[in-house]
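Quick mapping for you: the protein sequence lines, in order, are chains E and W. My numbering applies: residue 107 is where the first sequence begins, and numbers increase by one. My numbering applies: residue 1491 is where the second sequence begins, and numbers increase by one. Just so you know, even glycine gets a beta-carbon here, dropped at the ideal spot from N, CA and C. Okay, so here's the structure we're looking at.
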Amino acid sequence: DAGITQSPRYKITETGRQVTLMCHQTWSHSYMFWYRQDLGHGLRLIYYSAAADITDKGEVSDGYVVSRSKTENFPLTLESATRSQTSVYFCASSETYRGQGMNTEAFFGQGTRLTVV
Amino acid sequence: KNQVEQSPQSLIILEGKNCTLQCNYTVSPFSNLRWYKQDTGRGPVSLTIMTFSENTKSNGRYTATLDADTKQSSLHITASQLSDSASYICVVSETMEYGNKLVFGAGTILRVKS
């Protein structure tokens, strides 16, 4: 199916474990993003990617790692999960045209609810 | 620090009534302003996108306004329905070297009662 999908939808893991959240989009969008959403906060950017093999940190990147070997996939890895990383994680994609002032839509996945115990 | 502030935090209205949600921002340089609707357990879905040169944008019963001089936006919902119960998020797009960075407000939780 076309769109952006995240897996798993729900995950419970133990402190110190490594866990990977998957994100897949079928539009061939250049840009992909990972956000976390916590009560009382707006979505906060963890990492983003402008294209395959190009990634950059967002405002809350500590403890997270990403990769983008293929345009359509953007996995997020928690290297050693901590309780503070309990959150809902959203992946998004968009096609932004640099320098042309076009307003492109960002499409979000359904989210992954991660609980670290 | 670039910020997006929304008010009120939460709101309860009766079905059929109108309401207005507010958004103030300090993001600069500014590319566009978006309003998203997020149903419980779902990802945000776009309602409107406005550039700095646009004053208003409508999407059905949703009308967004923008005053780029005062850095304020509002989302007006007319004839509310139970299905409008959701979180409404104001998002301002900050122009950066590699494209736009989205700065999110914390959202306004709207509950429509029958």
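Closer than 7 Å at the beta carbon, the chain W residues around residue i
i                : result
glutamine 216(E) : Arg1532, Gly1533
alanine 212(E)   : Leu1592
CA nearest to the CA of residue i, picked from the options
i                  : options                                        : result
serine 1570(W)     : Gln1499(W), Thr1510(W), Ser1500(W), Glu1495(W) : Thr1510(W)
methionine 128(E)  : Glu120(E), Pro181(E), Lys176(E)                : Pro181(E)
arginine 1601(W)   : Lys1527(W), Cys1513(W), Glu1584(W)             : Lys1527(W)
arginine 189(E)    : Arg115(E), His130(E), Thr121(E), Ile110(E)     : Thr121(E)
methionine 310(E)  : Val223(E), Ser199(E), Thr183(E), Glu211(E)     : Because chain E here runs from 107 to 223, residue 310(E) falls outside it and cannot be looked at.
threonine 1568(W)  : Lys1507(W), Leu1501(W), Ser1497(W)             : Lys1507(W)
methionine 1586(W) : Ile1502(W), Asn1522(W), His1566(W), Ser1500(W) : Asn1522(W)
glutamate 201(E)   : Lys1591(W), Val1582(W), Asn1514(W)             : Lys1591(W)
valine 166(E)      : Leu220(E), Ser134(E), Trp140(E), Thr119(E)     : Trp140(E)
serine 1563(W)     : Gln1499(W), Val1582(W), Ile1502(W), Gly1531(W) : Val1582(W)
Beta carbon of residue i nearer than 8 Å to that of residue j
i               : j                     : result
tyrosine 153(E) : valine 125(E)         : no
alanine 1554(W) : phenylalanine 1542(W) : no
serine 193(E)   : arginine 142(E)       : yes
Chain-ordered neighbours of residue i on chain E, where CB pairs are closer than 7 Å
i                     : result
phenylalanine 1594(W) : Gly148, Leu149
Three-state secondary structure assigned by DSSP to residue i
i                 : result
arginine 142(E)   : strand
tyrosine 203(E)   : Only weak support exists for where tyrosine 203(E) lies, its pLDDT of 49 falling under 50; the coordinates are left without a value.
serine 1497(W)    : strand
lysine 1603(W)    : strand
glutamine 191(E)  : helix
threonine 126(E)  : strand
methionine 208(E) : Because the pLDDT of methionine 208(E) is 47, which lies under 50, any placement of that residue in the model is unreliable, and the question is left without a value.
Chain W contact residues for residue i, given Cβ-Cβ distances below 9 Å
i                    : result
phenylalanine 196(E) : Gly1533, Pro1534
- prompt: Counting only runs that start and end within the segment 1531-1599 of chain W, where is the beta strand (DSSP E) found for 3 or more residues in a row?
  reply: Complete beta strand (DSSP E) runs here, min 3: 1535-1541, 1546-1549, 1552-1557, 1562-1567, 1576-1586, 1589-1594.
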